[in-house]
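Here's the structure, in structure tokens; my notes come after.
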Amino acid sequence: MHVDDRTDVPFGRRAVDWELKGVPVRIEVGPRDLENGTAMLARRIPGGKEPIALDALVRLLPAVLEEDQALLLAQSRERRESRTSDVSTFEEAVEAATAGGWARIPWAVLGEKGEVRLGEHALTVRCLVSADGAVPDADDAPGNVAIVARAY
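Going by this note's numbering, the first residue of the sequence shown is number 1396, and it counts up by one from there.
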């Protein structure tokens, strides 16, 4: 937690400074808020502001942060899945990955020789996972899947 008590900087500039830093939650308390026993809760995710009672702030803030984290995780997973194509050939992997997405291809199909060929298309294996998504025990374990994407 940080209290921004800079009085030489206008409120709008201070608020923007914290937004640019990516602060997930900002609590605004002014003189009228103190009189009313409230504060304004400004959230980066999902956005917007809402009044909140000062005596409930400590109790509700952890739940707000957990809710925001869950929303970010869901959005991230949805984005990843919408941009990932399941492919079964080297050519399909190249096509999917050069189109700006990711390709999920069985390692048994790609192999080390295919990994070398990916370099000709500015693509690399970004990670190797087992069929259940976990870290594989060995490179050649059955069911391993390579995630292929553009190398920048």
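We put the CB at the ideal spot given by N, CA and C, even for glycine. Model, not experiment: these values are computed from the prediction.
For residue 1543, the enclosing beta strand (DSSP E) stretches over residues 1540-1545. In the DSSP assignment, residue 1493 falls within the alpha helix (DSSP H) that extends over 1485-1493. Residue 1437 and residue 1445 have their C-alpha atoms some 7 Å from each other.
Apart from the 5 residues on each side of it in sequence, residue 1544 sits with its Cβ closer than 6 Å to the Cβ of 1492, 1497, 1521 in its chain, given in chain order. Excluding its 5 nearest sequence neighbours in each direction, residue 1495 has C-beta neighbours in its own chain below 8 Å: 1478, 1545, listed in chain order. Within 10 angstroms of the beta-carbon of residue 1505 lie 16 or more other beta-carbons, which makes it buried. Ranked by Cα distance from residue 1528, the options 1512, 1470, 1488, 1500 are led by 1500. DSSP, reduced to helix, strand and coil, places residue 1525 outside both helices and strands of the structure shown, so it counts as coil.
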